[in-house]
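Notes to accompany the following structure.
Chains as they are written, first to last, in the numbering used here: chain A, 468 to 751; chain B, -16 to 316.
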């Protein structure tokens, strides 16, 4: 669905590159996470893939279209959910969706249905200007699905949303994946990437440091530890033991057998910890 | 693509009905037209008016009515009150063997002299048939001051079209919706045309309504609309540039109002410069638009001259458009 070979981009049209010679492929139906801190090159890459930024160097094919050529009809296959909400504040929620539906060539989704799935049913005839930030974000998210996209760009889809709404958004993304929609998810939130993505790419300073599945990364970079808290002779003790070393395994067995266990957790590495381990940088 | 362009126009029209500023812009030209019509009676009516006694000789009243507007009163006090009003009215009252001319003192001298000469001719028993002079008609059938004011109103309406576009773009920017538009199948050209339609329709509609209010029923409408349409190209360009460069409505409106400078300069140049210096204004599309409108409103226009003016307006505006389009495209990206 997306093929990127040796892509580079410079905002100043010189050797100062915001994206440096990156390559990756995304297959149909895959949810691909593009992870990195602010200024890493995530939005620049997404801008090039969506056509919002002019293609400069490298080969980029998106949904069967060569991004070197300007072909507006490609947007019939693409949906983009922006990080910042962008809806007409003087139009109602329903008018916003109907307006965008009329701008696409193919069949579009029922605006009422979309408003319902993002939890805005009952607010169809309220102007978007009267909406809270979260509601505007949901309307923007709903609009990105109006043309039933084959390829869906999601820029920080849950940022700034309360946990309940964020869970709804994640459920919608999973449902679209089940229908075969390919998603390109840009985020600095490792938890949502871990939950939703088939594969993730770590990008920093315009360079991709690695691409792999979250599970594989955890296996590769996880330390396989157990953290245990127990009471011995009236005092609380806390130890972190490796599950792959015989001495530690025996010690875990002794503690369980001899003392009063307070807490016991297996401790696998999070994507965030792996990111820090791989890139040496934090996700801020 | 036409369907999408019309959809953009319909969306802008819906937003316009919910925006007080845009409604003011639409209403202002109509109010100005009504204002010119009602609050400046001397503009549309330059005929001499006289006040006379009802009891005056019927032959005298009938003679005067052939040439001027006559208002009749039954007392000297009422004649004096009428003469004392704001407009120019000359009182003619019989005294002894002759007549007395009553004026307020601040009337147009030609109105007083016209009334005086006409009354003298009546006393001498002269009629129109006695003259040996022939009338040479230059074809000017519309009062010149009225033509100028209406022409200025048309150019102001055209400037307001640019302001409507500018405000629409500021609205798109504040809602951050240009980026959303850029990920739809609508091309930038389609978007530019769609965003221009509301300003264009409002301006043309306002021009038509203002002209009808002012009583210009029998002018060449095709000519006036063609000149109006071509004049708008430049204000559209200015509207887009100002809208993209402004962060709020006030800044955008102020920017577009700067267009008044070349418009005012073009009008002043056309009206005040001697013929040999008129060429110094040829650079301005507004000069050509004003010139064309002046001829059309005076009912003195021929297609040859009007087409030259339209070609000049279009050529100059398109040149500015092509210079500005990279900046507009960049702003819309």
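Each residue gets a CB set at the ideal place from its N, CA and C atoms; glycine is no exception.
For residue i, the residue or residues it bridges with in DSSP
i, result
"residue 82(B)", "77(B)"
"residue 55(B)", "35(B)"
"residue 731(A)", "695(A)"
"residue 72(B)", "32(B)"
"residue 702(A)", "699(A)"
"residue 486(A)", "476(A)"
"residue 606(A)", "BP columns for residue 606(A) are empty, so no partner."
"residue 502(A)", "654(A), 669(A)"
"residue 532(A)", "529(A)"
"residue 564(A)", "According to DSSP, which records beta bridges pairwise, residue 564(A) is partnered with nothing at all."
"residue 709(A)", "692(A)"
Opening and closing residue of the alpha helix (DSSP H) in which residue i lies
i, result
"residue 595(A)", "From DSSP, residue 595(A) is part of no alpha helix (DSSP H); its letter is neither H nor E."
"residue 283(B)", "Segment: none, residue 283(B) is in no alpha helix (DSSP H) and carries neither H nor E."
"residue 570(A)", "It is not in any alpha helix (DSSP H) - residue 570(A) carries neither H nor E in the DSSP assignment."
"residue 48(B)", "41 to 48"
"residue 320(B)", "Not covered by the structure: residue 320(B). The range shown for chain B is -16 to 316."
"residue 667(A)", "It is not in any alpha helix (DSSP H) - residue 667(A) instead sits in the beta strand (DSSP E) that spans 666 to 671."
"residue 181(B)", "171 to 196"
"residue 153(B)", "127 to 158"
"residue 238(B)", "232 to 240"
"residue -7(B)", "-15 to 0"
"residue 746(A)", "738 to 746"
"residue 261(B)", "Taken as a continuous stretch (DSSP letters only), residue 261(B) belongs to no alpha helix (DSSP H), as it is neither H nor E."
"residue 628(A)", "Premise fails: residue 628(A) is in no alpha helix (DSSP H) and is neither H nor E."
"residue 337(B)", "Chain B is shown from -16 up to 316; residue 337(B) falls before or after that span and cannot be answered."
"residue 443(A)", "The structure shown does not extend to residue 443(A), since chain A spans only 468 to 751, so no value can be given for it."
"residue 164(B)", "161 to 164"
Supposed contact pair residue j and residue i - C-beta distance, whole angstroms, cut 8 Å
i, j, result
"residue 673(A)", "residue 508(A)", "4 Å"
"residue 189(B)", "residue 272(B)", "Contact flag wrong, Cβ pair sits at about 15 Å."
"residue 76(B)", "residue 85(B)", "6 Å"
"residue 567(A)", "residue 610(A)", "5 Å"
"residue 186(B)", "residue 144(B)", "4 Å"
"residue 513(A)", "residue 622(A)", "6 Å"
"residue 97(B)", "residue 148(B)", "At roughly 49 Å, the Cβ-Cβ gap does not stay under 8 Å, so residue 97(B) and residue 148(B) are not in contact."
"residue 475(A)", "residue 484(A)", "5 Å"
"residue 220(B)", "residue 307(B)", "5 Å"
"residue 570(A)", "residue 167(B)", "4 Å"
"residue 718(A)", "residue 703(A)", "Incorrect: roughly 17 Å between the Cβ atoms, too far for contact."
Same chain only: Cβ atoms within 7 Å of residue i, ignoring 5 sequence neighbours per side
i, result
"residue 270(B)", "249, 252, 253, 264"
"residue 538(A)", "532"
"residue 698(A)", "726, 727, 729"
"residue 556(A)", "594, 595, 596"
"residue -3(B)", "none"
"residue 544(A)", "530, 616, 617, 618"
"residue 67(B)", "87"
"residue 141(B)", "186, 211, 214, 215, 218"
"residue 15(B)", "136"
"residue 733(A)", "693"
"residue 43(B)", "105"
"residue 303(B)", "217, 220"
Span of the beta strand (DSSP E) around residue i
i, result
"residue 619(A)", "618 to 622"
"residue 525(A)", "524 to 529"
"residue 678(A)", "674 to 679"
"residue 495(A)", "First-last for residue 495(A): undefined, no H or E at that position."
"residue 473(A)", "469 to 476"
"residue 88(B)", "Run containing residue 88(B): none; DSSP gives neither H nor E here."
"residue 650(A)", "649 to 654"
"residue 586(A)", "Counting along the chain, residue 586(A) falls outside any beta strand (DSSP E), and DSSP gives it neither H nor E."
"residue 514(A)", "Careful: residue 514(A) lies outside any beta strand (DSSP E), inside the alpha helix (DSSP H) at 509 to 517."
"residue 547(A)", "545 to 548"
Contacting residues, own chain, Cβ-Cβ under 6 Å from residue i (five flanking each side not counted)
i, result
"residue 651(A)", "499, 620"
"residue 295(B)", "271"
Sequence-distant residues of its chain with Cβ nearer than 8 Å to residue i (five each side left out)
i, result
"residue 561(A)", "578, 579, 582, 591, 592"
"residue 711(A)", "691"
"residue -7(B)", "none"
"residue 57(B)", "36, 37, 38"
7 Å Cβ cutoff, residue i in contact with chain E
i, result
"residue 232(B)", "This model lacks chain E altogether, as its protein chains are A and B."
Listed in chain order, which residues of the stretch 564 to 584 of chain A have Cβ atoms closer than 8 Å to some Cβ of chain B? 566, 567, 569, 570, 571, 572
- prompt: Taking Cβ-Cβ distances below 7 Å as the criterion, which residues of the stretch 711 to 742 of chain A are in contact with chain B?
  reply: none
At a Cβ cut of 7 Å, what residues of the stretch 139 to 163 of chain B count as close to chain A, listed as they run along the chain?
158, 159, 160, 162, 163
Selection of the stretch 178 to 191 of chain B by Cβ proximity to chain A, strictly under 7 Å = none
Practice prompt. Name, going along the chain, the residues of the stretch 506 to 534 of chain A whose beta-carbon falls closer than 7 Å to a beta-carbon of chain B.
Written response: 517, 519
With 7 Å as the limit, tell me which residues of the stretch 3 to 21 of chain B have their beta carbon closer than that to any beta carbon of chain A; keep them in chain order.
none
**Prompt:** Mind listing which residues of the stretch 544 to 557 of chain A have their C-beta closer than 9 Å to chain B's C-betas, in chain order?
**Reply:** 545, 546, 547, 549, 551, 552, 553, 554, 555, 556, 557
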